[in-house]
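Engineer: Mapping of the sequence shown onto my numbering: residues 305 to 368, in sequence order. Backbone N, C-alpha and C fix where the C-beta goes; we use that ideal spot for every residue, glycine too.
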Amino acid sequence: MGRGRAKAKQTKVARDLKYRTFDPDFSDLQRELHGEDGEPIPDQYAELAERPDLADRFKDRDAS
Numbered sequence: 305m306g307r308g309r310a311k312a313k314q315t316k317v318a319r320d321l322k323y324r325t326f327d328p329d330f331s332d333l334q335r336e337l338h339g340e341d342g343e344p345i346p347d348q349y350a351e352l353a354e355r356p357d358l359a360d361r362f363k364d365r366d367a368s
């Protein structure tokens, strides 16, 4: 017992997510995920940026 209330809440949240309309700002999301333009790579990640297998992930941020 007690599962009914939790299931009702999950159903309510699922319906809300399914039928809600929203306009996502993808440019804002991209800035958040990639950092601001010209932001240098932190020292703790600099050695990762130099690795050949990971360098392509950082090459667009090497604007400095």
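(1) What are the boundary residues of the alpha helix (DSSP H) that residue 308 is part of?
(2) Have a look at residue 328 and residue 337 and give me their C-alpha separation to the nearest angstrom.
(3) To the nearest angstrom, how far is the alpha carbon of residue 318 from that of residue 352?
(4) Quick check on DSSP: helix, strand or coil for residue 355?
Structural biologist: Let's see:
(1) 307-323
(2) 14 Å
(3) 40 Å
(4) coil
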